[in-house]
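Student:
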Amino acid sequence: MNMSHVDEGTLHAYLDGELGAEEAPGVAAHLTQCPACRARLEEERALIARADELLGLAAPPARAVPAFRPGDLKPLARLWWQVRWPLAWAATVLVALGVGMYVATPRVAPVASLADRVERGAAPVAAVPEPAAPAPLGRAPERRAARSEVPAAHPALPPRAAPHAAREDQPTARARADLAVQADSLAAVENASLERQETASAAAPPRAARLQAPPTAPVGYALFEGAPYVIERSPLDRDSARALLGADPYVVPDLAVRGIYRARVIGYSAVVVVEQALDSSRVVAVMTGRPASAQRSAVVVTGAERVDSVAAMATAGRLAPSARQDSIARARQAAAPRPTPAASHLQVEVRGPLSSDSLAALRRLVQPLRP
Amino acid sequence: MPDDIAEVYRTTYAALVRFLYRKVWDIERAEDLAQEAFARALVHRPASLRGWLFVVAANMARDEARRAVRERHHLTLLRSAPPEQAPSSDDVVEAETERARVQAALEQLTPRDREVLLLWDAGLSYEAIAAHTGLARGAIGTTLARARRRLVSAFEEGRQGEHVARG
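Going down the list, the sequences are from chains R and G. Per my numbering, residue 283 is the first one in the first sequence, and the count goes up by one each step. Per my numbering, residue 205 is the first one in the second sequence, and the count goes up by one each step.
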C-alpha cells in the first residue's frame with residue numbers, strides 16, 4: 283500500500299493503540315514498507331516513554347491514607363461536612379445492598395468495603411499485608427512514585443485493600459465453599475486442556491490464530507498485581523497490539539483468542555491483554571507489558587472462573603486474594619526463566635486462582651502471538 | 205445502569221488524585237478534591253461516572269487555583285518570609301527538585317495540551333478525552349504528540365538553564 287507518510291499525530295494514536303480498526307492496518311502496512319516512517323515511529327515511541335517517565339517524576343507522594351480518615355485533626359471541617367453526609371447516606375444504602383448481594387455474588391466485596399470504610403471512618407490500610415512477592419509490573423507505580431520511602435504506602439493500595447477487609451468482616455461459609463469448588467474445577471479443566479493440548483498438535487492450525495470478535499465491547503477493571511489498571515473500551519486488532527507493544531503480545535497457544543485489549547498500567551507505556559477461552563465459560567487473560575522507562579516487558583496470565591466480560595476478571599482477584607497471591611509467588615519461583623530469542627528482555631509471569639502447578643504450566647506455554 | 209461506584213472508586217481514586225495533584229501540586233488538597241468529587245458523584249449519580257469525575261475534578265481544581273492565587277496574595281501581604289522547611293535527606297531533595305522541574309515544564313504547556321496529556325495519563329481513552337475537552341477525536345493524537353514533545357523539551361531546557369545558572 284503506497285499511502286503518503288504517516289503524520290505525527292497518527293503515529294502517536296497508533297502507538298497509543300487508539301487508531302481505529304479502519305486506519306490501523308493501512309498505517310501498519312505503510313510502516314512495513316517505509317523505513318523513514320519506521321524510524322520516526324521509534325522516535326515517537328521513545329518520546330512517549332520519556333514523557334511518561336517525566337510525568338512519573340511528578341507523581342504525588344506515596345500515601346497509604348485512603349479516602350476517609352478517622353480523627354483527622356487537620357482543618358478539613360468544611361470538606362468533612364460536605365463529604366461525610368452524602369457518604370454516610372450512601373453507606374447505609376450500600377450496606378443494605380451489600381448484605382443481599384453478598385450471598386448471591388462475590389462482586390459485592392468492594393461495595394461492602396467502601397461502605398465499611400466509610401462507616402469506620404477509614405480502613406487501616408497500612409495494616410493490610412503486602413502480597414508475598416511484588417511482581418515487576420506491580421512495582422511499577424512505586425518506581426514511578428519518585429523514590430517513595432514506604433512501598434506499602436502507594437495510593438494504589440487502598441482500593442485493593444478493601445476486599446480483604448470486607449471478606450474478613452463477613453466470612454461466609456457458603457461463599458468459601460463455592461470458591462474452593464470453583465478453583466478446583468478450574469484447575470481440573472485447565473489441566474485437562476493442557477493435556478489435550480499436548481496431544482493435539484500440528485494437525486489443526488492453532489486456534490489462537492483465529493481472532494473472534496467479542497459479542498460486546500467489554501470494559502472493565504482488574505487487579506494487576508495490586509496496581510489497578512484500566513481495560514480500555516475498544517478491542518484492538520493484532521496489528522495494533524503489536525504496534526502498541528513493539529513486539530508480539532504473548533498468548534497461550536491453542537486457546538481461542540476472544541479478544542485483545544489495551545490496558546493502562548502506571549509505569550508501563552504499553553500493556554496488552556489477550557483474553558483466551560479455556561472452555562466455553564472460562565477465560566484466562568495473558569498480559570504483556572512494556573515498562574515505560576526500561577526496555578523490559580512482562581507477561582502475566584490471569585485466570586478467571588467465569589468471564590462474561592473483562593470486568594469479571596476483577597472478581598477472580600477478589601475471590602481468593604491470599605491463595606492467589608501465594609500461588610503467584612510459587613508460580614514465579616517454579617517458573618524457570620525462559621529464553622525467548624526474539625525478545626530476550628521479556629519477563630514472563632503467571633497468575634490466577636489456579637494451583638501453582640497449573641500456573642507454572644501455563645507460564646511455560648505462553649508464546650508470542652504469530653499472525 | 206451507571207457504573208458501579210465502588211468499583212470505579214477502587215480503580216479510579218488513585219488516578220484521580222494523581223490527575224488533581226498535577227493541577228494543585230498539593231497532595232492533601234488533591235485527596236480532598238478527589239474525595240469531594242466522589243461525594244458529589246454519590247449524590248448526582250452521573251451516567252458516565254469515570255468521565256464525569258474527571259470533569260468535576262478539573263473544574264474544582266480550576267476554582268482551587270483561583271482561590272490559591274487570592275490566598276497567596278493575602279499571605280505575601282501578611283508575612284514576607286517563607287515558612288521554614290523541615291530538614292530532609294538528599295534523596296527527598298533530589299526527588300523534590302525533579303518534581304519541581306516537571307511541574308515547571310508542565311506549566312509551559314498550553315492549558316489544552318496539558319489537560320489532554322493529564323487525562324491520557326489518568327487512563328482515559330482518546331474517545332473520553334475528546335468528549336471531555338470538546339476536541340475532535342482525530343485531533344487527540346496530534347495534541348498528545350505536541351504536548352509530549354513540549355513537556356520533554358521544556359524539562360530539558362529547564363535543566364540546562366539551571367546548569368548554566370549554577371556553573
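Beta carbons are placed, not taken as given, at the ideal position from N, Cα and C, and that holds for glycine.
1) Pick from G:R352, G:E319, G:A334, G:R363: whose alpha carbon is nearest that of N263 (chain G)?
2) If the cut is a Cβ gap below 7 Å, which residues of chain R does D325 (chain G) touch?
3) For E557 (chain R), which residues does DSSP report across the bridge?
4) Assuming contact is defined by CB atoms lying nearer than 8 Å, are L339 (chain G) and L321 (chain G) in contact in what I supplied?
5) Between A318 (chain R) and Y296 (chain R), what straight-line distance do the alpha-carbon atoms span, to the nearest angstrom?
6) Nearest by alpha-carbon distance to R388 (chain G): which of R:R645, R:L647, R:E290 is it?
7) Are the Cβ atoms of R544 (chain R) and G338 (chain R) separated by less than 8 Å?
8) Using 8 Å as the threshold, is the C-beta distance between V555 (chain R) and A567 (chain R) below it?
9) Alpha carbon to alpha carbon, how far is G528 (chain R) from W256 (chain G)? Give it in angstroms, no decimals.
10) Could you pull out every residue in the same chain whose Cβ sits closer than 7 Å to the Cβ of A309 (chain G), ignoring the five residues on either side in sequence?
11) Considering just the uninterrupted stretch of the alpha helix (DSSP H) at L339 (chain G), what are its terminal residues?
12) R322 (chain R) touches chain G at which residues, Cβ-Cβ below 8 Å?
13) Please confirm whether S252 (chain G) has its beta-carbon closer than 8 Å to some beta-carbon of chain R.
14) Quick one: which chain G residues come within Cβ less than 8 Å of E304 (chain R)?
15) Tell me, which residues are paired with R572 (chain R) by DSSP?
16) Just to confirm, are L644 (chain R) and V534 (chain R) a CB contact at a threshold of 8 Å?
17) Are T216 (chain G) and R270 (chain G) closer than 8 Å when you measure CB to CB?
18) Using the beta-carbon count (16 or more within 10 Å), is P342 (chain R) buried or exposed?
19) Thinking A664 (chain R) and D519 (chain R) are a contact (beta carbons under 8 Å), I'd like their distance in whole angstroms, please.
20) R226 (chain G) versus chain R: which residues are under 9 Å apart at the beta carbon?
21) Here's a check: name, in chain order, each residue in its chain whose Cβ is nearer than 6 Å to the Cβ of A234 (chain G), leaving out the five neighbours to either side.
22) How about L293 (chain R) and S522 (chain R): do their beta carbons lie closer than 8 Å?
23) Quick check on the burial criterion: 16 or more other C-beta atoms within 10 angstroms. Buried or exposed for V247 (chain G)?
24) Taking beta-carbon pairs under 9 Å, can you tell me which members of the segment 340–356 of chain G lie near chain R?
25) Got a sec: is the Cβ-Cβ distance from E325 (chain R) to anything in chain G below 8 Å?
26) Please say whether R646 (chain R) and D530 (chain R) have beta carbons closer to each other than 8 Å?
27) Can you tell me whether V288 (chain R) is buried or exposed, with buried defined as 16 or more other CB within 10 angstroms of its CB?
28) Ordered along the chain, which non-local residues of its own chain (more than five positions away) have a Cβ less than 7 Å from that of V309 (chain R)?
29) Looking at the C-beta of Q312 (chain G), does it have a partner C-beta in chain R at a distance below 8 Å?
30) Within a Cβ cutoff of 7 Å, which residues of the same chain sit near A259 (chain G), ignoring the five residues on either side of it in sequence?
31) Contact criterion: CB-CB distance below 8 Å. Does Q364 (chain G) meet it with respect to chain R?
32) Q364 (chain G): buried (16+ other C-beta within 10 angstroms of its C-beta) or exposed?
33) Have a look at R:E324, R:A559, R:L313 and flag the residue whose alpha-carbon is nearest the alpha-carbon of S286 (chain R).
34) Residues of chain G with a CB under 9 Å from the CB of L329 (chain R): which are they?
35) Which word fits D267 (chain G), buried or exposed, when buried means at least 16 other C-beta atoms lie within 10 angstroms of its C-beta?
36) Tell me whether Q312 (chain G) sits in a helix, a strand or coil according to DSSP, three-state version.
Tutor: By the coordinates alone:
1) Sequence index remark: in the second sequence, residue 263 (chain G) carries index 59 (1-based). That would be G:E319, whose Cα lies nearest to the Cα of N263 (chain G).
2) Here the question's residue 325 (chain G) lines up with position 121 in the second sequence. Neighbours of D325 (chain G) across chain R, judged by C-beta separation under 7 Å: L337.
3) Translated into the one-based positions of the first sequence, residue 557 (chain R) becomes position 275. Looking at the DSSP output, E557 (chain R) shares a beta bridge with R:G541, R:A567.
4) As a position in the second sequence, residue 339 (chain G) is number 135, starting the count at 1. As a position in the second sequence, residue 321 (chain G) is number 117, starting the count at 1. By the CB criterion at 8 Å, L339 (chain G) and L321 (chain G) fall outside the cutoff.
5) Within the first sequence, residue 318 (chain R) is the residue found at index 36, counting from 1. Within the first sequence, residue 296 (chain R) is the residue found at index 14, counting from 1. Annotation: A318 (chain R) to Y296 (chain R) spans about 16 Å, alpha carbon to alpha carbon.
6) The question about residue 388 (chain G) has no answer here: the residues shown for chain G are numbered 205 through 371.
7) Counted from its first residue, the first sequence places residue 544 (chain R) at position 262. Counted from its first residue, the first sequence places residue 338 (chain R) at position 56. Going by beta carbons, R544 (chain R) and G338 (chain R) fall outside the 8 Å limit.
8) Residue mapping note: residue 555 (chain R) aligns to position 273 of the first sequence, counting from 1. Residue mapping note: residue 567 (chain R) aligns to position 285 of the first sequence, counting from 1. It is a contact, given that the beta carbons lie within the stated cut-off.
9) Stepping through the second sequence from its first residue, residue 256 (chain G) is reached at position 52. Stepping through the first sequence from its first residue, residue 528 (chain R) is reached at position 246. Roughly 33 Å separates the two Cα atoms.
10) Looking up residue 309 (chain G) in the second sequence gives position 105. Answer for A309 (chain G): L355, A358, F359, G362, listed in chain order.
11) For this step, residue 339 (chain G) is matched to residue 135 along the second sequence. From DSSP, L339 (chain G) is part of no alpha helix (DSSP H); its letter is neither H nor E.
12) The residue you call residue 322 (chain R) lines up with position 40 of the first sequence. Here the premise fails: no neighbours, minimum Cβ distance about 11 Å.
13) Working through the second sequence from its first residue, we reach residue 252 (chain G) at position 48. Residue-level contact by beta carbon fails for S252 (chain G) and chain R, as no gap is shorter than 8 Å.
14) Residue numbering aside, residue 304 (chain R) sits at position 22 when the first sequence is read from its first letter. Near E304 (chain R) there are no residues of chain G at all, since even the closest Cβ is about 12 Å away, more than 8 Å.
15) By one-based count along the first sequence, residue 572 (chain R) stands at place 290. Residue pairing by DSSP places R572 (chain R) opposite R:A552 in a beta bridge.
16) Here residue 644 (chain R) corresponds to residue number 362 of the first sequence, with the count starting at 1. Here residue 534 (chain R) corresponds to residue number 252 of the first sequence, with the count starting at 1. Yes, the pair counts as a contact, with Cβ atoms nearer than the cut-off.
17) Your numbering for residue 216 (chain G) matches position 12 in the second sequence. Your numbering for residue 270 (chain G) matches position 66 in the second sequence. Against a cut-off of 8 Å, the Cβ pair of R270 (chain G) and T216 (chain G) comes out as no contact.
18) Here the question's residue 342 (chain R) lines up with position 60 in the first sequence. That one is buried.
19) Past the boundaries of the shown model lies residue 664 (chain R); chain R is included only from 283 to 653, so the question cannot be answered.
20) Sequence index remark: in the second sequence, residue 226 (chain G) carries index 22 (1-based). By Cβ distance, chain R contributes L337, A340, A341, P342.
21) Here the question's residue 234 (chain G) lines up with position 30 in the second sequence. If you ignore the 5 residues before and after A234 (chain G), its C-beta comes within less than 6 Å of the C-beta of V221, L224, Y225, V228, all in its own chain and listed in chain order.
22) Residue numbering aside, residue 293 (chain R) sits at position 11 when the first sequence is read from its first letter. Residue numbering aside, residue 522 (chain R) sits at position 240 when the first sequence is read from its first letter. Between L293 (chain R) and S522 (chain R), the C-beta spacing is not below 8 Å.
23) The count along the second sequence starts at 1 and reaches residue 247 (chain G) at position 43. Here V247 (chain G) is exposed: its Cβ has fewer than 16 other Cβ atoms, across all protein chains shown, within 10 Å.
24) For the segment 340–356 of chain G, which is checked against every Cβ of chain R, the residues closer than 9 Å are R341, G342, A343, I344, G345, T346, T347, L348, A349, R350, A351, R352, R353, L355, V356.
25) As a working note, residue 325 (chain R) is residue 43 in the first sequence. By this cut-off, E325 (chain R) is not an interface position.
26) Reading the first sequence from its first residue, position 248 is the one you call residue 530 (chain R). Reading the first sequence from its first residue, position 364 is the one you call residue 646 (chain R). It is not a contact, given that the beta carbons lie outside the stated cut-off.
27) Here the question's residue 288 (chain R) lines up with position 6 in the first sequence. Buried: at least 16 other Cβ atoms inside 10 Å.
28) As a working note, residue 309 (chain R) is residue 27 in the first sequence. Closer than 7 Å at the Cβ level, and outside the excluded window around V309 (chain R), lie V288, T292, Y296, L301.
29) Along the second sequence, one-based indexing puts residue 312 (chain G) at 108. Answer no: the Cβ-Cβ gap between Q312 (chain G) and chain R never drops below 8 Å.
30) What you label residue 259 (chain G) is simply residue 55 of the second sequence in a count that begins at 1. It should be noted that the sequence gives Val, not Ala, for residue 259 (chain G). Taken in chain order, the residues that qualify are H336.
31) Position 160 of the second sequence holds residue 364 (chain G). No Cβ of chain R is located within less than 8 Å of the beta carbon of Q364 (chain G).
32) For the purposes of this step, residue 364 (chain G) is taken as residue 160 along the second sequence, with counting starting at 1. Counting Cβ neighbours within 10 Å, Q364 (chain G) comes out exposed, since fewer than 16 surround it.
33) The residue you call residue 286 (chain R) lines up with position 4 of the first sequence. The alpha carbon of S286 (chain R) has as its nearest neighbour, out of R:E324, R:A559, R:L313, the alpha carbon of R:L313.
34) Mapped onto the first sequence, residue 329 (chain R) falls at position 47. Per Cβ cutoff of 9 Å: A349, R352, R353, V356.
35) In the second sequence, counting from the first residue as 1, residue 267 (chain G) sits at position 63. Exposed, because fewer than 16 other Cβ atoms sit within 10 Å of the Cβ of D267 (chain G).
36) Within the second sequence, residue 312 (chain G) is the residue found at index 108, counting from 1. Shown here, Q312 (chain G) sits in coil according to DSSP, grouped into three states, outside any helix or strand.
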